[in-house]
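Just so we're aligned: 61 in my numbering is position 54 of the sequence shown, and the numbers increase by one with no gaps anywhere.
Yeah, the Cβ is synthetic: ideal placement off N, Cα and C, and Gly gets one too.
First comes the structure, then the notes that go with it.
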Amino acid sequence: MALLRVITGTRRNTSFELDKNGRGRFLGRGEGADFVLADKSVSRRHAEVFFRDEQWFIGDANSSNGTFLNEQRVTEPLPLKNGDQIRCGATVLLFEGDPTPWILEPPKEEKPAAVELEFDPGETMVAVAFDNLQSKQSLQQRQRFLQAGQAALNLSHGIKNILQAVSTGREIVDSALSHGELDTARKGWNILKRNLEQIQKLVLDMLKFSREQDMKLQPCQFNRLVENAVQIVMPQAQLRSVAVALQLDEQIGLVRVDPDRMQDVILNLALNAVEAVEPSKGQVTIGTEIDAERNRLVLRVSDNGPGIDDLSSLFEPFHSTKGQMGVGLGLAIVRKVVVQHKGTVDAQSIPGQGSVFTVRLPYLPVETPAALA
Numbered sequence: 008m009a010l011l012r013v014i015t016g017t018r019r020n021t022s023f024e025l026d027k028n029g030r031g032r033f034l035g036r037g038e039g040a041d042f043v044l045a046d047k048s049v050s051r052r053h054a055e056v057f058f059r060d061e062q063w064f065i066g067d068a069n070s071s072n073g074t075f076l077n078e079q080r081v082t083e084p085l086p087l088k089n090g091d092q093i094r095c096g097a098t099v100l101l102f103e104g105d106p107t108p109w110i111l112e113p114p115k116e117e118k119p120a121a122v123e124l125e126f127d128p129g130e131t132m133v134a135v136a137f138d139n140l141q142s143k144q145s146l147q148q149r150q151r152f153l154q155a156g157q158a159a160l161n162l163s164h165g166i167k168n169i170l171q172a173v174s175t176g177r178e179i180v181d182s183a184l185s186h187g188e189l190d191t192a193r194k195g196w197n198i199l200k201r202n203l204e205q206i207q208k209l210v211l212d213m214l215k216f217s218r219e220q221d222m223k224l225q226p227c228q229f230n231r232l233v234e235n236a237v238q239i240v241m242p243q244a245q246l247r248s249v250a251v252a253l254q255l256d257e258q259i260g261l262v263r264v265d266p267d268r269m270q271d272v273i274l275n276l277a278l279n280a281v282e283a284v285e286p287s288k289g290q291v292t293i294g295t296e297i298d299a300e301r302n303r304l305v306l307r308v309s310d311n312g313p314g315i316d317d318l319s320s321l322f323e324p325f326h327s328t329k330g331q332m333g334v335g336l337g338l339a340i341v342r343k344v345v346v347q348h349k350g351t352v353d354a355q356s357i358p359g360q361g362s363v364f365t366v367r368l369p370y371l372p373v374e375t376p377a378a379l380a
């Protein structure tokens, strides 16, 4: 039985069975699709997988964004082989073909030669153990290669989109300057500046995720840390006409955290919320409170966006809910920093109503001289 397994996208790890004795199966987002992909960049009826002449094929069904086989655009039905990757929109599926049966030839009858054998059980056990170890390492290596391939594919999509925007901005600026149109040049420069900032953020995120850093716990006003992060996010919120509200527990005074790294947590969660909601209708609320019963400091970021269908891989590196517009490092960095603070982070979401991200940290208050008086 051949399978299509989703390896990137909102339905990651979902498998679809293919029956060679049945009709072709359509991949798509809505009505008319046999295998539904919850991906806004996928057409309602995007691509067809069918069996013909003892071979599986993939064909595009006049989709808006195209179907790609191993990153080659499908313009006519192409044959599939085991391990091929199919991309529809921002969703990538792995084709796992029918297993090829082993064909064993009967041994040739030959007169055995007289050979003296020395049996060493120690050497035999070592050989078996070594073979088992090699098999295990080979499986782990294949898994690492697959994970690395998925990460590189997601990352390349994000970089490609940024570079396309940079190229567009450059063309606008070049054309405007050649015609002396300064207003148009300013618009092009804004596109360039915004996407250069995206490149800078991507590089910094990769460094933050890959580099191990020691925690530098120090006293800081947690609420002021939240306010500073929100001030950084506000230009993006205003650009999208998104309302951002603060609900801060002023009983929280000085606490011990790593302020630089915790600000990364707040920034990523706040920016994700602002980008998730609908422009002019979006509402984001960022709150803090003390959970006295569990001695926890709580940070909560909620939004009224479309919600998230699949939460299972949300904090995995290079997993993005933004389609091709995201690289998928922000939430992985959030989890890494929170865990280093010996805290937890989780997400709750109702499709169509919004999402809530909750960070819980050990509450480590710092007594001030005024409090001791």
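Quick one, are the C-beta atoms of residue i and residue j less than 7 Å apart?
i	j	result
L11	C95	no
L87	F102	yes
K27	F75	no
H348	L368	yes
Q360	G314	yes
V180	W196	yes
D41	R32	yes
V13	L100	yes
G37	R51	yes
V291	V281	yes
L184	A192	yes
D265	M222	yes
V366	L306	yes
G66	N89	no
V344	V352	no
Q92	N77	yes
G176	T98	no
Q270	L318	no
Can a CB atom of chain B be found closer than 7 Å to the CB of residue i?
i	result
T15	Protein chains in the displayed structure number just one, and chain B is not present.
Go ahead and pull the three-state DSSP assignment for residue i.
i	result
P113	Only weak support is given to the placement of P113: the predicted model assigns it a pLDDT of 46, under 50, and the value that follows is read from those uncertain coordinates. In this structure, P113 counts as coil in the three-state DSSP scheme.
D310	strand
P372	strand
D26	coil
A339	helix
L184	helix
A54	strand
D265	coil
A9	strand
V366	strand
R303	strand
G333	The predicted model places G333 with a pLDDT of 48, which falls under 50 and marks its position as unreliable, so this point remains unresolved.
D271	helix
P242	helix
A354	strand
A277	helix
I297	strand
I198	helix
L100	strand
G16	coil
D67	strand
A192	helix
I315	coil
G90	coil
V249	coil
V81	coil
T175	helix
L170	helix
V49	coil
Q360	coil
V284	coil
L224	coil
Q62	strand
Q290	strand
R36	coil
Once the 5 residues before and after residue i are set aside, which same chain residues still bring their CB inside 7 Å of it?
i	result
D256	T295, E296 and I297
R263	L224, Q225, P226, L371 and V373
Q62	P86
L248	Here residue 248 is Ser; the residue named in the question, Leu, does not match the sequence. Here the set comprises P286 and S287.
A68	F33, R52, H53, A54 and E55
Report all residues from its chain with a CB closer than 8 Å to the CB of residue i; omit the five preceding and five following residues, and keep chain order.
i	result
P358	P313, G314, I315 and D316
S362	A280, A283, S309, D310, G312, G314, I315, A354, Q355 and S356
L302	According to the sequence shown, residue 302 is Asn rather than Leu. Cβ within range, chain order: P369 and Y370.
Enumerate in chain order the residues of its own chain whose CB-to-CB distance from residue i is below 6 Å, with the five nearest sequence positions on each side excluded.
i	result
S22	L10 and R12
L253	I293
F229	I259 and V262
R201	none
S70	S50 and H53
L189	none
F126	Caution is warranted here: a pLDDT of 44 is assigned to F126, below 50, making its placement in the model unreliable, and no coordinate value can be reported.
Q.
Would the segment 267 to 278 count as touching the segment 233 to 245 if we require 3 or more Cβ pairs under 8 Å?
A. yes
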